[in-house]
Every structure is written in structure tokens, then in C-alpha cells.
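Here the structure comes first, spelled out in C-alpha cells, and everything after it is commentary.
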Amino acid sequence: MISTYMNRLIAVSTKEDIFPEYRETPIGFLLEYHNLKRSPDIFKKAQLLIGMCMDNRKRLQIPDNFAYIIRTGGANLRYSEFKISYAIAIGGVKSIALIGHNNCGMENVMSKKEQFIEGLAENAGWERECAEEHFMQLAPMFEIGSEIEFVLSEAQRLRLRYPGIQVAPLHYRVEDNLLYLIKENEKEQ
Ligand SMILES: [Zn+2]
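Sequential numbering from 1424 applies to the sequence shown in our numbering.
Below, the structure is given as C-alpha cells:
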């Protein structure tokens, strides 16, 4: 299952690698700035909204003023709806780049229960019982399952919710710090 999803990643090392529907859009420019070292343009206002993980290993190469960025565990935007709507309604952005990444801590977060309880007890001085209750109550909301699968389904959800907005699911590989496109079902096969 996981390898099937890995096979969907498309490297972007030239402008021609960018899917035609993204070329000359804010999504395409994001890929050019970050992967292709396009020199920064001058922007007076944000061109897109980026949703990405809070993970410390990731940093985007983008010009000043280029993007709003919402960082959450696993690039999960389910609980950021007002901020998304604000970026669209007031900020005027017409594109969303949703960037998942490999080795994400929110993948199979349920498996980290013991470590979570131990850590909160030891580092924050919580009672074990409170830490366990906290985990059991909130972990299901932040579980993303598989990184690539999640970002695809989250992109679909956002497209239905905001039909006028272009939404692109992307993948960040922490080993090379590059962005990858993800092949989607309706475009391939
Ligand atoms: Zn992550």
C-alpha cells in the first residue's frame, strides 16, 4: 500500500516536469522557487495559501510576501477552516498548496501513545491518567494514517469545500528538502 503511494511521486527538476495545470500559477511558481531556484519576484500581496506540517525539518525557499502559511501537525487543515476562509476572502488567494512530508510524526500517531504519556508526565509534570485521557481524546483528530494518502484526501475535501480555489497536493522529502508532485487517480491510469 505504502509503496503504491510512493510510486505516485513526481520529481520536479525542470519547468516541464510541473503538471500543465499548475504551470504559470502560484503552485507552479512555488515549485520553481523552491526546487528550481527561480530568483525571487517582488510581491505586494500573498499569491497562495500553503498548508504544511509544523515539523522542524522543513523550510521553504520562497520570496517575501508570497504566501500565507498555516502549519499544523501533518498538514491537516480540518481544524483551520476560518483561517483558510480568511486567506481566500480577505487575502484574495485563489490557490492552496497542501504539503505533506515523509517521516511525519502524525503518521500512525496512535502508535505513539506510551511515548506521549511518558513524555508529558516527565516533561510537563502531568499526571499519567490526565496525559492518557488527553491523548485518547485528541489523537484520533490528528491521526493522518499514511502521509501521501492523507494529503490526497485532504486536497479532495478542500476542493469540494472551496470549488473556486485551485488545490494542489504536494510532498516534501526531508532527505533532499525538495517538493514532489503527486499523481492523482483521475489524471493517471
Ligand atoms: Zn509532519
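Think of the CB as a built atom: it goes at the ideal place given N, C-alpha and C, for glycine as much as any other residue.
Proximity test, residue i beta-carbon vs ligand 1 heavy atom, cut-off 7 Å
i: HIS1524; result: yes
i: MET1429; result: no
i: GLY1497; result: yes
i: CYS1527; result: yes
i: ASP1478; result: yes
Host beta strand (DSSP E) of residue i (start-end)
i: CYS1527; result: Looking at the DSSP string, CYS1527 is not in any beta strand (DSSP E), and its letter there is neither H nor E.
i: LEU1472; result: 1471–1476
Contact check, residue i vs residue j, beta carbons under 8 Å
i: ALA1490; j: LEU1471; result: yes
i: TYR1456; j: ILE1485; result: yes
i: ILE1493; j: LEU1593; result: no
i: GLN1589; j: SER1503; result: no
i: ALA1469; j: ASN1499; result: no
i: VAL1435; j: LEU1453; result: no
i: ASP1599; j: CYS1527; result: no
i: ALA1520; j: ILE1450; result: yes
i: ASN1525; j: ARG1596; result: yes
Residues that residue i bridges to, as DSSP identifies them
i: HIS1594; result: GLY1523 and TYR1603
i: GLY1437; result: Rather than Gly, the amino acid found at residue 1437 in this sequence is Thr. In the DSSP output, where bridge partners are listed per residue, THR1437 has none listed.
i: SER1518; result: GLN1589
i: GLN1432; result: For clarity, residue 1432 is Leu in the given sequence; the question names Gln instead. According to DSSP, which records beta bridges pairwise, LEU1432 is partnered with ILE1605.
Residues near residue i by beta carbon distance below 8 Å, same chain, minus five either side
i: ARG1551; result: ILE1540 and ALA1544
i: ILE1605; result: ARG1431, LEU1432, ILE1433, ILE1571, VAL1574, LEU1575, PRO1592, LEU1593 and HIS1594
i: ASN1531; result: GLU1566 and GLY1568
i: GLY1514; result: LYS1468, ALA1469, LEU1472 and TYR1491
i: LEU1581; result: LEU1500, ILE1507, ILE1519, LEU1521, ILE1588 and VAL1590
i: HIS1557; result: LEU1543 and TRP1549
Residue i: first and last residue of the uninterrupted alpha helix (DSSP H) it sits in
i: ILE1540; result: 1536–1547
i: GLY1451; result: 1449–1459
i: ILE1493; result: Segment 1490–1495 is the beta strand (DSSP E) holding ILE1493; no alpha helix (DSSP H) there.
i: PRO1563; result: 1551–1565
i: LEU1583; result: 1570–1584
i: PHE1505; result: 1504–1512
Sequence-distant residues of its chain with Cβ nearer than 7 Å to residue i (five each side left out)
i: ILE1465; result: none
i: LYS1610; result: With a pLDDT of only 49 at LYS1610, under 50, the local geometry of the prediction cannot be trusted, and no value is derived from it.
is_contact[residue i, chain B] using C-beta, thresh 8 Å
i: TYR1509; result: Looking for chain B here will not work: only one protein chain is present.
Cut-off 6 Å between Cβ atoms - residues of its own chain near residue i, not counting five sequence neighbours on either side
i: ALA1578; result: LEU1521, VAL1590 and PRO1592
i: LEU1483; result: HIS1457
i: PRO1613; result: The question about residue 1613 has no answer here: the residues shown for the chain are numbered 1424 through 1612.
i: MET1424; result: Note that MET1424 scores a pLDDT of 49, beneath 50, so its modelled location is shaky and nothing firm can be said.
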